[in-house]
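Undergrad: Take 106 as the starting number for the sequence shown in our numbering and just add one per residue.
A virtual CB, placed ideally from N, CA and C, is assigned to each residue, including glycine.
All figures in this text were calculated on a predicted structure; none of them were measured in a lab.
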Amino acid sequence: MAGLRLIGILAAVLMIAAPVVRAEDKAAVDPFDQSKVPLEVDTDDTKLTKIVLVAGSKSHGPGEHEFFAGSAILMKLLQETPGVFPVMARDGWPKNEKIFENAKAIVFYMDGGGGHPLLRKGHMDLMQTYIDKGVGFVNLHYAVEYPKGPEAGDRILKWLAGYYETGYSINPTWKANYKELPEHAITRGVKPFSIQDEWYYNMRWAEDKTGVTELLRDAPPDGTRGTPDAKAHPGRIETMAWAFERPGDAHGRSFGFTGGHFHQNWGDENYRRLVTNAILWSAHVEVPKEGAKVDLDPAELKKNMDKK
Numbered sequence: 106m107a108g109l110r111l112i113g114i115l116a117a118v119l120m121i122a123a124p125v126v127r128a129e130d131k132a133a134v135d136p137f138d139q140s141k142v143p144l145e146v147d148t149d150d151t152k153l154t155k156i157v158l159v160a161g162s163k164s165h166g167p168g169e170h171e172f173f174a175g176s177a178i179l180m181k182l183l184q185e186t187p188g189v190f191p192v193m194a195r196d197g198w199p200k201n202e203k204i205f206e207n208a209k210a211i212v213f214y215m216d217g218g219g220g221h222p223l224l225r226k227g228h229m230d231l232m233q234t235y236i237d238k239g240v241g242f243v244n245l246h247y248a249v250e251y252p253k254g255p256e257a258g259d260r261i262l263k264w265l266a267g268y269y270e271t272g273y274s275i276n277p278t279w280k281a282n283y284k285e286l287p288e289h290a291i292t293r294g295v296k297p298f299s300i301q302d303e304w305y306y307n308m309r310w311a312e313d314k315t316g317v318t319e320l321l322r323d324a325p326p327d328g329t330r331g332t333p334d335a336k337a338h339p340g341r342i343e344t345m346a347w348a349f350e351r352p353g354d355a356h357g358r359s360f361g362f363t364g365g366h367f368h369q370n371w372g373d374e375n376y377r378r379l380v381t382n383a384i385l386w387s388a389h390v391e392v393p394k395e396g397a398k399v400d401l402d403p404a405e406l407k408k409n410m411d412k413k
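Here it is, written out as structure tokens:
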């Protein structure tokens, strides 16, 4: 009996000494817990500027194409601007398409090419209705790639002024050095920066580039020019991000950004400010002269990842 009593006392002591791991503490350090990100939460307040962020499905390896986590970060950054109400959807398209209604801008951050969610039945036609109303149109990274032809590429040239065309454009990983930035609302508060990413270039451009402002420009290493057309222009300065004021009475604005491959790059203040400024600009929100507020706790870069 004395032995059993001693065992009981030791067990009690161990229970007291053992650290208590609370459920919220476990969730806080779980990089794959996406449950706390509000999805398709709308607003009826017409005074707010609603911006819809559409994150793509799981793609690539860990730390690459983290569309969900990256969109969650962009949602947090946009919330730092008073009067802006970001709404996020996942897996390439909202479950309820009515979430697009009354949006001032729609942001696509996802895989593109032949599997682009915009190419699914009825999606391009639906998006055309918002383009016609002057809604901002933003494509980030792989989302700028569309198939060539009248059903996609030709239409996108009218919406975005440029796109990644397979076999013509190129998508190498290299360190771009953006030494000079043009004066534009999107570049407010953005200092010259250098960063390694999968920077697409040699984009297919509309013949008439009226309304286009080329924002991020650099000459990539000639060894990265992997398509025949790209090889034909050694040493040429290329464009990796651009703004487009669409022609017409609706005064729509678009933004294309070919970076966004590596999730860790959102940790760069100039990188995230440029994209945040651009989303706000596309929604006709006045960008402060010092640029949008883009405070970010580094811990956020380790949250909401896709389990790959």
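Could you give the residue range of the alpha helix (DSSP H) that holds G241?
TA: Segment G241 to L245 is the beta strand (DSSP E) holding G241; no alpha helix (DSSP H) there.
Undergrad: Under DSSP, the beta strand (DSSP E) around M308 begins and ends at which residues?
TA: M308 -> no beta strand (DSSP E), and no H or E assigned at all.
Undergrad: Return the CA-CA distance between Q369 and K407, expressed in angstroms with no decimal places.
TA: Cα to Cα, Q369 sits roughly 9 Å from K407.
Undergrad: Would you kindly work out how many angstroms separate the C-alpha atoms of T315 and K413, rounded to a whole number?
TA: 42 Å
Undergrad: Per DSSP, what kind of secondary structure is R225 in: helix, strand or coil?
TA: coil
Undergrad: Looking only at DSSP bridge pairs, what is I300 linked to?
TA: A281
Undergrad: Compare the beta carbon distance of Y251 and L224 with 9 Å and say whether it is the shorter of the two.
TA: L224 sits close to Y251, with the two beta carbons spaced by under 9 Å.
Undergrad: Three or more C-beta pairs closer than 8 Å, one from the segment 234 to 243 and one from the segment 196 to 212: is that the case here?
TA: Three or more Cβ pairs drawn from the segment 234 to 243 and the segment 196 to 212 lie within less than 8 Å of each other, which places the two stretches in contact.
Undergrad: Below 9 Å between beta carbons: does that hold for V243 and M308?
TA: Result no, Cβ atoms of V243 and M308 do not sit closer than 9 Å.
Undergrad: By Cβ distance, which residues of its chain are closer than 8 Å to P287, with the 5 residues on each side in sequence left out?
TA: The answer, listed in chain order, is T318, E319 and L320.
Undergrad: Assess contact between the segment 157 to 168 and the segment 191 to 199, defined as three or more Cβ pairs (one per stretch) separated by less than 8 Å. Is contact present?
TA: yes
Undergrad: In the DSSP assignment, what residue or residues form a beta bridge with D181?
TA: First, the amino acid is wrong: residue 181 is Lys here, not Asp. Its beta-bridge partners do not exist; DSSP assigns none.
Undergrad: Count the other CB atoms within 10 Å of the CB of D400; is the residue buried (16 or more) or exposed (fewer)?
TA: exposed
Undergrad: Among residues of its own chain, excluding the 5 on either side of E129, which ones have a beta-carbon nearer than 6 Å to its beta-carbon?
TA: Confidence at E129 is low in this model, with a pLDDT of 48, below 50, so the placement of that residue should be treated as unreliable; the coordinate-derived value is given next. Excluding residues within five positions, none has a Cβ falling inside 6 Å.
Undergrad: CB-CB under 6 Å to F190, same chain, minus the five flanking residues each way: which ones, in chain order?
TA: T148, L153 and K155
Undergrad: Can a CB atom of chain D be found closer than 9 Å to the CB of P287?
TA: In the structure shown, chain D cannot be found, because there is only a single protein chain.
Undergrad: Look at the alpha carbon of G392 and the alpha carbon of M180, and state the distance between them as a whole number of angstroms.
TA: Looking at the sequence itself, residue 392 is Val, so the reference to Gly does not match. Taking the straight line from one Cα to the other gives about 16 Å.
Undergrad: Write down the C-beta distance between M345 and Y305 rounded to the nearest angstrom, noting that I regard them as a contact closer than 8 Å.
TA: 7 Å
Undergrad: So, using beta-carbon positions, are T93 and K394 closer together than 9 Å?
TA: Outside the shown range of the chain, which is 106 to 413, sits residue 93, and nothing can be said about it.
Undergrad: Can you name the start and end residues of the beta strand (DSSP E) that L320 belongs to?
TA: V317 to D323
Undergrad: Taking the alpha-carbon positions, what's the P167 to M215 distance?
TA: Those two C-alpha atoms are separated by around 15 Å.
Undergrad: Could you say which of W347, E312 and D302 lies nearest to P325 if we only look at CA atoms?
TA: D302
Undergrad: Taking the straight line between their C-alpha atoms, what separation do you get for Q139 and H165?
TA: 18 Å
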